[in-house]
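Residues 42 to 780 in my numbering are what the sequence shown spells out, letter by letter. Working notes, structure below.
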Amino acid sequence: MSSSVTDSSLVRASSDVTSSDAPEPLPGRLLVGLMLVFLAFWLMPPLDFLKSSQSVFPLFVHTLLEVGAILAALMVFSVAWLARSVQQPSGLMLMGCGFLAVGLIDFGHALSYKGMPDFVTAAGPEKAIQFWLAARYLASLSLLAVAFPMPGWLRRPGSRYLMLLAALGVSVAVYTVNLWFPALWPRTFVIDQGLTTFKVAAEYGVIAITALAAVVLCRRAPRSLGYSTTDLCTAAIITIMSELCLTLYSNVNDIFSLLGHLYKVLAYFFIYRAVFVASVREPYKRLKVEMAERREAERRIEYLAFHDVLTRLPNRELARDRLQQAVADARRHEQRVALVYLDLDNFKAINDTLGHGAGDRLLQALAQRFIAQVRESDSVCRLGGDEFLLVLKGLSEIDVVAPLMVKLLDELQRPVAIDGHELVISASAGVAMYPEDGADFDALLQKADMAMYRAKEVGRNTYRFFNDDMNTELLERLSMRSGLRRALEQGQFQLYYQPQVDLRTAQVVGAEALIRWHHPEQGLISPARFIPVAEESGLIVPIGDWVIEEACRQAAAWVAMGLPPMTVAVNLSAVQFRRGDVKQVVERALLQTGLDASLLELELTESLMISNPDAVQEQTRQLKALGVTLAIDDFGTGYSSLSYLKRFAVDKLKIDQSFVRDLDSDGDDAAIVRAIIQVAGSLGMKTIAEGVERDEIAQTLQRLGCEEAQGYLYARPMPAPELEAWLRAQSSSPRKPPL
Numbered sequence: 042m043s044s045s046v047t048d049s050s051l052v053r054a055s056s057d058v059t060s061s062d063a064p065e066p067l068p069g070r071l072l073v074g075l076m077l078v079f080l081a082f083w084l085m086p087p088l089d090f091l092k093s094s095q096s097v098f099p100l101f102v103h104t105l106l107e108v109g110a111i112l113a114a115l116m117v118f119s120v121a122w123l124a125r126s127v128q129q130p131s132g133l134m135l136m137g138c139g140f141l142a143v144g145l146i147d148f149g150h151a152l153s154y155k156g157m158p159d160f161v162t163a164a165g166p167e168k169a170i171q172f173w174l175a176a177r178y179l180a181s182l183s184l185l186a187v188a189f190p191m192p193g194w195l196r197r198p199g200s201r202y203l204m205l206l207a208a209l210g211v212s213v214a215v216y217t218v219n220l221w222f223p224a225l226w227p228r229t230f231v232i233d234q235g236l237t238t239f240k241v242a243a244e245y246g247v248i249a250i251t252a253l254a255a256v257v258l259c260r261r262a263p264r265s266l267g268y269s270t271t272d273l274c275t276a277a278i279i280t281i282m283s284e285l286c287l288t289l290y291s292n293v294n295d296i297f298s299l300l301g302h303l304y305k306v307l308a309y310f311f312i313y314r315a316v317f318v319a320s321v322r323e324p325y326k327r328l329k330v331e332m333a334e335r336r337e338a339e340r341r342i343e344y345l346a347f348h349d350v351l352t353r354l355p356n357r358e359l360a361r362d363r364l365q366q367a368v369a370d371a372r373r374h375e376q377r378v379a380l381v382y383l384d385l386d387n388f389k390a391i392n393d394t395l396g397h398g399a400g401d402r403l404l405q406a407l408a409q410r411f412i413a414q415v416r417e418s419d420s421v422c423r424l425g426g427d428e429f430l431l432v433l434k435g436l437s438e439i440d441v442v443a444p445l446m447v448k449l450l451d452e453l454q455r456p457v458a459i460d461g462h463e464l465v466i467s468a469s470a471g472v473a474m475y476p477e478d479g480a481d482f483d484a485l486l487q488k489a490d491m492a493m494y495r496a497k498e499v500g501r502n503t504y505r506f507f508n509d510d511m512n513t514e515l516l517e518r519l520s521m522r523s524g525l526r527r528a529l530e531q532g533q534f535q536l537y538y539q540p541q542v543d544l545r546t547a548q549v550v551g552a553e554a555l556i557r558w559h560h561p562e563q564g565l566i567s568p569a570r571f572i573p574v575a576e577e578s579g580l581i582v583p584i585g586d587w588v589i590e591e592a593c594r595q596a597a598a599w600v601a602m603g604l605p606p607m608t609v610a611v612n613l614s615a616v617q618f619r620r621g622d623v624k625q626v627v628e629r630a631l632l633q634t635g636l637d638a639s640l641l642e643l644e645l646t647e648s649l650m651i652s653n654p655d656a657v658q659e660q661t662r663q664l665k666a667l668g669v670t671l672a673i674d675d676f677g678t679g680y681s682s683l684s685y686l687k688r689f690a691v692d693k694l695k696i697d698q699s700f701v702r703d704l705d706s707d708g709d710d711a712a713i714v715r716a717i718i719q720v721a722g723s724l725g726m727k728t729i730a731e732g733v734e735r736d737e738i739a740q741t742l743q744r745l746g747c748e749e750a751q752g753y754l755y756a757r758p759m760p761a762p763e764l765e766a767w768l769r770a771q772s773s774s775p776r777k778p779p780l
């Protein structure tokens with residue numbers, strides 16, 4: 042599976058459904074053919090007999106054509122009405138309601154045609170013409186109306202009902218006049234004389250309005266109106282030819298009356314196609330592209346769950362799975378498995394002297410060397426940074442590992458050419474064996490880690506197998522565990538706060554609470570040292586409870602001071618979440634401090650979400666019921682899928698700093714961040730990026746659609762009093778937005 046996602050496929054898919062600025066060419070052959078037919082009957086003497094014939098256009102043909110026209114008009118209305126959506130151009134609803142009236146009035150025209158039974162009053166040419174002209178003017182005015190942008194009041198949700206009422210009202214008015222007050226119309230047809238001057242002038246009025254609509258539609262770009270103008274422009278031109286025919290007939294059954302009706306039905310077809318494409322087909326195509334993007338984003342997230350982006354190697358989660366499979370196989374066949382923990386020596390010096398880009402390329406080159414030195418059945422994984430894991434399966438005895446380790450370490454010392462430099466690096470490795478040292482991933486990893494540190498202690502560039510002597514290192518952990526208990530009892534913990542800012546306004550919108558341990562003898566102890574011990578011992582539960590209570594107390598104090606309300610974010614340990622009663626702790630802290638629940642944000646890890654989905658879902662539901670915000674911390678570094686994101690109703694994704702650091706220069710990182718933001722946006726979540734240290738990164742994040750950020754660009758973590766002073770300083774000279 043590829044480790045990077047490009048946007049080329051999405052761009053191609055989007056281009057298939059996005060109208061260009063220039064309209065599509067009109068169907069020239071069709072229009073020319075229709076015009077030639079019209080001219081042939083008009084100008085060629087041999088066809089004069091058809092002009093006076095009273096049998097070319099019999100009643101049943103007229104009825105069939107009118108039924109087709111009425112159905113087309115009603116389909117225009119039904120598609121525009123039923124396919125209504127946010128993406129539907131507002132003008133199409135106006136056209137749909139307009140053609141509802143056209144279809145209803147055409148029905149009156151069909152019932153009034155010469156030879157039809159009486160419809161309130163006797164049928165006849167003049168009655169039919171009155172309905173005809175009313176329908177034609179409504180159709181031409183509808184075409185003209187949609188050629189221009191709709192006013193704002195017609196785009197409101199309830200406006201379509203007003204348009205529907207207007208269409209029905211016009212239809213009722215036309216029927217009332219034509220059936221009960223026909224004398225209001227001037228004469229339009231005289232038997233044995235044909236069309237009156239008024240009738241011909243009225244037809245030319247329709248032609249003028251339709252011609253204006255055709256000109257405007259042909260000149261307008263489809264994108265400005267939201268739909269293709271080609272079909273509507275074609276319909277307008279055919280309507281003009283239809284009306285020209287209706288200025289030339291001498292009786293209602295001659296060839297020009299037939300052509301006029303045929304052209305009208307054809308024009309209705311193009312109008313229906315324009316409405317159908319804009320309301321149904323194009324939204325469906327866009328939906329297929331909304332779905333393709335989500336599938337691509339989910340595929341990327343799924344890949345990120347199990348692979349390291351830089352080296353394309355399996356990550357910790359996949360390494361765990363590979364080891365468990367290897368142990369299961371070894372148990373069945375009475376074999377051994379080796380877990381090798383390998384750490385590069387002095388790798389930081391390369392990053393510091395040549396830059397992170399050179400360091401990344403070195404890691405990629407070394408990853409390929411690891412792969413080349415092991416069997417296809419073995420696994421090479423990257424834990425992160427300069428740390429790698431090897432899972433060597435199906436070993437007959439421990440002795441086969443030592444030659445491989447010697448060969449592997451020697452191979453690493455071959456020079457690597459990076460940016461014109463010949464780099465030589467070594468590594469220290471620790472080996473833990475199944476079944477001698479344990480049977481699960483965590484136990485073997487811990488012991489391989491101990492062995493690796495022993496290799497570093499004895500001079501680096503070597504390897505060590507785990508042995509019982511290394512267990513003495515566990516004594517330090519036990520000592521730290523006792524120290525953690527005293528620290529909690531004696532109040533040695535303190536919360537530092539790192540501001541979180543809105544990328545658009547650069548205003549502080551929150552602060553992440555970060556725990557620090559001020560040891561009376563050892564001074565400030567890094568959380569990286571004591572948090573793992575606290576999680577192993579279960580002390581993370583009372584420590585985590587204290588963090589929640591203290592963060593709520595401090596946030597409430599800031600509100601009381603008059604500082605602008607801001608969210609305080611608290612990390613929840615997986616152990617704390619599983620063993621503790623987080624809901625009661627949060628509820629109690631909010632009640633005691635009086636803090637608005639919306640100002641508390643709880644950050645969960647990705648691995649926690651899938652450990653026990655049903656239980657986690659219930660707990661997150663209870664927390665959401667309190668009104669707090671839920672976020673996923675370090676998103677993209679663990680295991681996630683869209684199904685879990687939707688299931689747990691998360692509010693925010695926190696993009697891990699490993700993807701943010703080189704965002705403006707690393708295409709893979711940009712693709713990952715873009716995919717995460719797209720996933721969040723499609724599910725209605727916010728995104729916040731951590732580790733932002735440069736303005737260029739902030740600008741890129743904002744362009745990609747990320748809402749919030751935190752990092753050294755804005756401020757380092759600081760105690761509460763320092764943050765208060767910092768906030769007041771910011772209010773007096775606020776930072777400008779990155780763009």
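Ideal placement from N, C-alpha and C gives every residue a C-beta, glycine not left out. Predicted model only: the values in this text are computed from it and were never measured.
Practice item. Express the C-alpha separation of Asn-508 and Ala-711 in angstroms, rounding to a whole number. Key: Position 670 of the sequence shown, counted from the first residue, corresponds to residue 711. Position 467 of the sequence shown, counted from the first residue, corresponds to residue 508. Put simply, the backbone Cα of Ala-711 is about 44 Å away from that of Asn-508.
Review point. Just to confirm, are Thr-275 and Leu-67 a CB contact at a threshold of 7 Å?
Key: Within the sequence shown, numbered from 1, the residue matching residue 275 stands at position 234. Within the sequence shown, numbered from 1, the residue matching residue 67 stands at position 26. Result yes, Cβ atoms of Thr-275 and Leu-67 sit closer than 7 Å.
Exercise for review: Kindly confirm or deny that the stretch 112-119 and the stretch 141-154 touch, where touching means at least three C-beta pairs closer than 8 Å.
Suggested key: The stretch 112-119 is in contact with the stretch 141-154.
Check your understanding: Leaving out the 5 sequence neighbours to the left and right, which residues in its chain are closer than 7 Å to Val-316 when beta-carbon positions are compared?
Key -> The residue you call residue 316 lines up with position 275 of the sequence shown. Answer for Val-316: Val-117, Val-120, Ala-121, Leu-133, Met-136, Gly-137, listed in chain order.
Exercise for review: State buried or exposed for Gly-725, treating a residue as buried only when at least 16 other CB atoms are found within 10 Å of its CB.
Suggested key: Within the sequence shown, residue 725 is the residue found at index 684, counting from 1. Burial call: exposed.
Check your understanding: Going by the beta-carbon positions, is the gap between Ala-638 and Leu-631 smaller than 7 Å?
Key -> Numbered from its first residue, the sequence shown carries residue 638 at position 597. Numbered from its first residue, the sequence shown carries residue 631 at position 590. Contact: yes.
Point to revise | Rounded separation between Met-521 and Asp-697 - CA only | key: Numbered from its first residue, the sequence shown carries residue 521 at position 480. Numbered from its first residue, the sequence shown carries residue 697 at position 656. Cα to Cα, the separation comes out at about 29 Å.
Check your understanding: Which runs of the alpha helix (DSSP H), 4 residues or longer, sit entirely within the stretch 391-421?
Key -> DSSP runs (the alpha helix (DSSP H)) wholly in the stretch 391-421: 397-414.
**Study point:** Residue from Arg-423, Gln-595, Trp-83 whose Cα sits closest to the Cα of Ile-296
**Key:** Position 255 of the sequence shown, counted from the start, is the residue given in the question as residue 296. That would be Trp-83, whose Cα lies nearest to the Cα of Ile-296.
Check your understanding: Where does Arg-545 fall in DSSP's three states?
Key -> If you number the sequence shown from 1, residue 545 lands on position 504. For Arg-545, the three-state secondary structure derived from DSSP is coil.
**Study point:** Alpha carbon of Arg-715 to alpha carbon of Asp-675, nearest angstrom
**Key:** Position 674 of the sequence shown, counted from the start, is the residue given in the question as residue 715. Position 634 of the sequence shown, counted from the start, is the residue given in the question as residue 675. If I take the Cα positions, the gap works out to 15 Å.
Check your understanding: Applying the criterion that 16 or more other CB atoms from any shown protein chain within 10 Å of the CB defines a buried residue, is Asp-62 buried or exposed?
Key -> As a working note, residue 62 is residue 21 in the sequence shown. With a pLDDT of only 47 at Asp-62, under the threshold of 50, the placement of this residue in the model should not be trusted; the figure read from the coordinates follows. Answer is exposed; the Cβ neighbour count stays below 16.
Check your understanding: Just to confirm, are Gly-156 and Phe-172 a CB contact at a threshold of 7 Å?
Key -> Within the sequence shown, residue 156 is the residue found at index 115, counting from 1. Within the sequence shown, residue 172 is the residue found at index 131, counting from 1. No.
Review point. For the candidate residues Leu-404, Asp-233, Ile-232, Leu-383, whose alpha-carbon lies nearest to that of Asn-392?
Key: As a position in the sequence shown, residue 392 is number 351, starting the count at 1. Checked all of Leu-404, Asp-233, Ile-232, Leu-383; the closest Cα to Asn-392 is Leu-404.
Point to revise | Alpha-carbon to alpha-carbon, Leu-536 and Pro-760 | key: Your numbering for residue 760 matches position 719 in the sequence shown. Your numbering for residue 536 matches position 495 in the sequence shown. Their backbone Cα atoms lie some 6 Å apart in a straight line.
**Study point:** Per-residue DSSP class, three states only, for Pro-99
**Key:** Numbered from its first residue, the sequence shown carries residue 99 at position 58. In the three-state reduction of the DSSP assignment, Pro-99 falls in the coil class.
Exercise for review: Quick one: grab the DSSP three-state call for Asp-62.
Suggested key: Taking the sequence shown and counting its residues from 1, the one referred to as residue 62 is at position 21. Any reading at Asp-62 needs caution, since the residue's pLDDT is 47, under 50, leaving its predicted position unreliable; the model's value is listed next. It is coil, neither helix nor strand.
Exercise for review: Starting from the C-beta of Leu-565, find all residues in its chain whose C-beta is less than 8 Å away, skip the five residues before and the five after it, and write them out in chain order.
Suggested key: In the sequence shown, the residue the question calls residue 565 occupies position 524. Cβ neighbours of Leu-565 beyond the five flanking positions: Arg-557, Trp-558, His-559.
**Study point:** Residue range of the alpha helix (DSSP H) that includes Glu-284
**Key:** Mapped onto the sequence shown, residue 284 falls at position 243. Bounds of the alpha helix (DSSP H) holding Glu-284 are 271-286.
Practice item. Could you tell me the distance, in whole angstroms, from the CA atom of Leu-745 to the CA atom of Ile-718? Key: Taking the first residue of the sequence shown as position 1, residue 745 is located at position 704. Taking the first residue of the sequence shown as position 1, residue 718 is located at position 677. Across the structure, Leu-745 and Ile-718 are spaced so that their CA atoms are roughly 7 Å apart.
Practice item. Would you tell me roughly how many angstroms separate the C-alpha atoms of Met-76 and Phe-311, rounded to the nearest one? Key: Stepping through the sequence shown from its first residue, residue 76 is reached at position 35. Stepping through the sequence shown from its first residue, residue 311 is reached at position 270. Met-76 and Phe-311: Cα-Cα distance of roughly 17 Å.
Exercise for review: Could you round the C-beta distance between Ala-379 and Leu-433 to whole angstroms and report it? I think they count as a contact, below 8 Å.
Suggested key: Counting from one through the sequence shown, the residue named residue 379 turns up at place 338. Counting from one through the sequence shown, the residue named residue 433 turns up at place 392. Cβ-Cβ separation between Ala-379 and Leu-433: approximately 4 Å, consistent with a contact (criterion under 8 Å).
Exercise for review: May I ask you to list the residues that DSSP assigns as paired with Ala-433?
Suggested key: In the sequence shown, counting from the first residue as 1, residue 433 sits at position 392. Per the sequence presented here, residue 433 reads as Leu, with Ala not at that position. Listed as beta-bridge partners of Leu-433 by DSSP are Ala-379.
Review point. In three-state terms, what does DSSP make of Ile-729?
Key: Locating residue 729 in the sequence shown gives position 688, where the first residue counts as 1. In the three-state DSSP reduction, Ile-729 falls in the strand class (E or B).
Exercise for review: Assuming Ile-713 contacts Val-447 (C-beta within less than 8 Å), just tell me the rounded distance between them.
Suggested key: Start at 1 with the first residue of the sequence shown, and residue 713 comes out as number 672. Start at 1 with the first residue of the sequence shown, and residue 447 comes out as number 406. Your pair Ile-713 and Val-447 does not check out as a contact, with CB atoms roughly 37 Å apart and the cut at 8 Å.
Check your understanding: Just curious, the alpha helix (DSSP H) that Val-609 is in, first and last residue?
Key -> Locating residue 609 in the sequence shown gives position 568, where the first residue counts as 1. Premise fails: Val-609 lies in the beta strand (DSSP E), 608-612, not in any alpha helix (DSSP H).
Check your understanding: Taking C-alpha atoms, which residue in Met-602, Ile-738, Pro-99, Gln-595 lies nearest to Arg-609?
Key -> Stepping through the sequence shown from its first residue, residue 609 is reached at position 568. First, the amino acid is wrong: residue 609 is Val here, not Arg. Ranking Met-602, Ile-738, Pro-99, Gln-595 by Cα distance to Val-609 puts Gln-595 first.
Review point. Helix or strand or just coil, what does DSSP make of Leu-724?
Key: Taking the first residue of the sequence shown as position 1, residue 724 is located at position 683. The DSSP-derived three-state label of Leu-724 is coil.
Exercise for review: Starting from Phe-506, trace the beta strand (DSSP E) both ways and give me its first and last residue.
Suggested key: Numbered from its first residue, the sequence shown carries residue 506 at position 465. From DSSP, the beta strand (DSSP E) with Phe-506 extends over 504-506.
Review point. His-462: buried (16+ other C-beta within 10 angstroms of its C-beta) or exposed?
Key: Walking along the sequence shown from the start, residue 462 turns up at place 421. Counting of Cβ neighbours within 10 angstroms places His-462 among the exposed residues, the total staying below 16.
Practice item. Quick one: using the 10 Å Cβ neighbour count with 16 as the cut-off for buried, is Ser-772 buried or exposed? Key: Along the sequence shown, read from residue 1 onward, the residue named residue 772 stands at position 731. When all chains shown are included, Ser-772 counts as exposed.
Review point. Does the separation of the CB atoms of Leu-529 and Pro-583 fall below 7 Å?
Key: Position 488 of the sequence shown holds residue 529. Position 542 of the sequence shown holds residue 583. For Leu-529 and Pro-583, yes; Cβs fall inside 7 Å.
Point to revise | C-alpha gap between Ser-527 and Glu-765, whole angstroms | key: Reading the sequence shown from its first residue, position 486 is the one you call residue 527. Reading the sequence shown from its first residue, position 724 is the one you call residue 765. One point to set straight first is that residue 527 is Arg, not Ser, in the sequence displayed. Between the alpha carbons of Arg-527 and Glu-765 lies a distance of about 29 Å.
Exercise for review: Would you kindly report the start and end of the unbroken beta strand (DSSP E) that includes Val-457?
Suggested key: Taking the sequence shown and counting its residues from 1, the one referred to as residue 457 is at position 416. Boundaries of the beta strand (DSSP E) harbouring Val-457: 457-459, taken from the DSSP string.
Review point. Assuming Leu-1 contacts Val-691 under a Cβ cut-off of 8 Å, what Cβ separation, rounded to an integer in Å, is found between them?
Key: What is shown of the chain runs 42 to 780, which leaves residue 1 out entirely.
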